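**Q** Sharing a structure, written as structure tokens. Questions coming.
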Amino acid sequence: MQPPMKTSKTLFFLLGALLAALLTWWLAGDKQAAAGTSAVGMPAAGISAAGLPAAGERSALDVIATRTSVRSYRDCPVGADTVELLLRAAMAAPSAMNRQPWVFVVVDDKALLQKFADSLQYAKMAASAPLAVVVCADLTDWWVMDASAASENLLLAAHAVGLGAVWTGVYPRSERVKAVRTILGLPESVVPLNVIPIGYPAQNPEPKQKWNPGNIRRNGWTR
């Protein structure tokens, strides 16, 4: 048998090696998550090799029930493939007469993000976000509903792949519409509905419990 002191030194060495390996693995995974891939080179959770949501990762109802507004973000970029995934989800939204009047302006220029923070009262978090998506639409019938449906799809997709986002309203406040138009150089025929800052969450706030049977009516207004 080994002397007790030698055995202790061996166990201490093995434990230290194990901890070092775990730390290396964790750091590699953290860096890869920012690029949209896992530590073993596979797509990050929720993203398939084709750039679409991976089947079975999270149920649609779970994503809907647990999504919440996220206003603080980690200092790491969002990969281009992940941004495209969000936009694909947004464009999969229903649209009246399939007109698809929406236009999405992706903003990752820090100076422009700072201008959003300075000009929009409820978009201060844009200054610390790696990017924002401005959901706009042509002035057609039902454009507000179409762009809103696309915005919700984008928010849910962001949550599904581990990102945090928040809808900050622009339309119908004329001063906000004017500010965003000026910052982005939008034509008069295009209206910005909102600005959605997006990033990897610095915090994970608990979703609010919004279920309220009192808001339900059946077969008319009276209960």
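Residue numbering for the sequence shown follows my numbering, starting at 1489 and increasing by one per position. Yeah, the Cβ is synthetic: ideal placement off N, Cα and C, and Gly gets one too. All figures in this text were calculated on a predicted structure; none of them were measured in a lab.
Roughly how many angstroms separate the alpha carbons of residue 1612 and residue 1652, rounded to a whole number?
**A** Distance between the alpha carbons of residue 1612 and residue 1652 is about 15 Å.
**Q** Name the two residues that bound the continuous alpha helix (DSSP H) containing residue 1672.
**A** It spans 1662-1672 - the alpha helix (DSSP H) in which residue 1672 sits, taken as one unbroken run.
**Q** With burial defined as no fewer than 16 other Cβ atoms inside 10 Å of the residue's Cβ, what is the status of residue 1697: buried or exposed?
**A** Residue 1697 comes out exposed.
**Q** In angstroms, rounded to a whole number, what distance separates the CA positions of residue 1615 and residue 1570?
**A** In a straight line, the C-alpha of residue 1615 is about 20 Å away from that of residue 1570.
**Q** With a 10 Å radius around its C-beta and 16 neighbouring C-beta atoms as the bar for buried, classify residue 1677 as buried or exposed.
**A** Residue 1677 comes out exposed.
**Q** Does the pairing of the segment 1544-1554 with the segment 1615-1624 give three or more beta-carbon distances under 8 Å?
**A** Contact between the segment 1544-1554 and the segment 1615-1624 is absent, because fewer than three Cβ pairs lie under 8 Å.
**Q** I need the boundaries of the beta strand (DSSP E) containing residue 1621, first residue and last residue.
**A** From DSSP, the beta strand (DSSP E) with residue 1621 extends over 1619-1626.
**Q** Would a C-beta distance cut-off of 7 Å place residue 1638 and residue 1581 closer than the cut-off?
**A** Yes, the Cβ-Cβ distance between residue 1638 and residue 1581 is below 7 Å.
**Q** If you reduce the DSSP assignment to three classes, tell me which class residue 1631 lands in.
**A** In the structure shown, residue 1631 sits in a helix (DSSP, three-state: H, G or I).
**Q** Considering Cα atoms alone, identify which of 1671, 1645, 1654 is closest to residue 1552.
**A** Of the listed residues, the one whose Cα sits closest to residue 1552 is 1645.
**Q** Does residue 1689 come out as helix, strand or coil in the three-state DSSP assignment?
**A** In this structure, residue 1689 counts as strand in the three-state DSSP scheme.
**Q** Span of the beta strand (DSSP E) holding residue 1658?
**A** Segment: none, residue 1658 is in no beta strand (DSSP E) and carries neither H nor E.
**Q** Please report how far the alpha carbon of residue 1559 lies from the alpha carbon of residue 1601, in whole angstroms.
**A** Approximately 14 Å between the Cα atoms of the pair.
**Q** Okay, do the segment 1649-1663 and the segment 1602-1610 touch, 3+ Cβ pairs below 8 Å being the bar?
**A** Short answer: they touch.
**Q** So what does residue 1590 bridge to, in DSSP terms?
**A** Beta-bridge pairing links residue 1590 to 1625.
**Q** By Cβ distance below 7 Å, which residues in the same chain neighbour residue 1620 in space, the five residues on each side in sequence not counted?
**A** Cβ neighbours of residue 1620 beyond the five flanking positions: 1595, 1601, 1604, 1614, 1683, 1684, 1685, 1686.
**Q** On the criterion of 16 or more Cβ atoms from any shown chain inside 10 Å, does residue 1631 qualify as buried, or is it exposed?
**A** So residue 1631 counts as buried.
**Q** With DSSP run on the structure shown, which of helix, strand or coil describes residue 1649?
**A** If DSSP states are grouped into helix, strand and coil, residue 1649 belongs with coil.
**Q** Pull up the distance between the alpha-carbon of residue 1575 and that of residue 1706, whole angstroms please.
**A** About 36 Å.
**Q** Note down, in chain order, each residue of its chain lying with its Cβ closer than 6 Å to the Cβ of residue 1563, except the 5 sequence neighbours on either side.
**A** So the list is empty, once near-sequence residues are dropped.
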